[in-house]
Every structure is written in C-alpha cells, then in structure tokens.
Amino acid sequence: MAKVAWQAGIDYVSGALCKCGKKEPHKHGRMLLATHRRAATTSDSCNRIYLRDESNFVKSNSTEAMWARSRFQAIAEMVHNRSRDLTHISQDQMDFIAQRNNPRGKKTMKAYYWYICGREYDAQHPRP
Numbered sequence: 524m525a526k527v528a529w530q531a532g533i534d535y536v537s538g539a540l541c542k543c544g545k546k547e548p549h550k551h552g553r554m555l556l557a558t559h560r561r562a563a564t565t566s567d568s569c570n571r572i573y574l575r576d577e578s579n580f581v582k583s584n585s586t587e588a589m590w591a592r593s594r595f596q597a598i599a600e601m602v603h604n605r606s607r608d609l610t611h612i613s614q615d616q617m618d619f620i621a622q623r624n625n626p627r628g629k630k631t632m633k634a635y636y637w638y639i640c641g642r643e644y645d646a647q648h649p650r651p
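If you want our numbering, it's the position in the sequence shown, counting the first as 1, plus 523.
Given below as structure tokens:
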C-alpha cells in the first residue's frame, strides 16, 4: 500500500488501473488498484494504491480468516443496533465525550461504537 498524490486537477481515482490478463498472450499476475476512502475518517490521506499479485485474488478460507469475517459481521450488526437503541444513546454520548480528548480516545462516534462493541464481542467470544 502506498499513499498517492494525484496530479493537479485530479482529486481521486478509484478502481483498477491495470487488470491482470487471463488469456495467454497477455497473461500476467499483477493488478494495479487505486482506492479512495469515502467512509468517515480522521486521516487526511484518503487515496491509496495497491499492487496485487495472483495470490491476493483468492479469498482465504483458513480458520483465522473465517473467524475474522464472522467477527466483523457480528460487530457491524452490534454497532448498527446499538447506535439506534434509545436506551443507550444518551449514556454512550456522555461516555464518548468523556474519552474523546484522551490520547487513545476515539475521535468519532462510529469509531467509539466499533471500539465498545468489539470489546463486548471479544469478551463473549474468545479467539480460537
């Protein structure tokens, strides 16, 4: 991964700049992929560029990868539900404001939700 500064007049590029060829005369195993982060972030660097080889195109089915996918899906659902739960909103907002200026405090409410829901999930589901 590399940070990218595009030429003046180009704000961002998103997508494959060079796809790997699948047919014989142009077969090569590399892909050049540019991304632009649209999600809320505290970083000013939103453009990234990746050079991916053939081994990165196949999704891993290892136990660790499967566990990480299921953890992400469960925490995403917890964040979605907790952010809309009226019984937690006011306390969560007060707790967020209290921690946000700490050196390791979360700077956005969404990041704070991911942090507390992640801790809650990890307490209930120990890592294999």
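Idealized CB from N, CA, C, for every residue including glycine.
Chain-order list of residues whose beta-carbon lies under 8 Å from that of residue i (same chain, five-residue window excluded)
| i | result |
| --- | --- |
| LYS633 | ALA563, VAL602 and SER606 |
Reduced DSSP category for residue i - H, G, I as helix; E, B as strand; rest coil
| i | result |
| --- | --- |
| THR586 | helix |
| HIS611 | coil |
| ARG571 | strand |
| ALA646 | helix |
| GLY532 | coil |
Cβ shell of residue i (< 7 Å), same chain only, five flanking positions each side left out
| i | result |
| --- | --- |
| TYR635 | PHE619 and LYS629 |
| ARG594 | TYR644 |
| THR586 | PRO651 |
CB-CB length for residue i against residue j, believed under 8 Å
| i | j | result |
| --- | --- | --- |
| ILE598 | TYR644 | 5 Å |
| LEU555 | CYS569 | The Cβ separation is near 18 Å, so there is no contact. |
Residue i - partner residues in DSSP beta bridges
| i | result |
| --- | --- |
| HIS559 | ASN570 |
| ALA539 | LEU556 |
| ASP618 | Paired residues: none, contrary to the question. |
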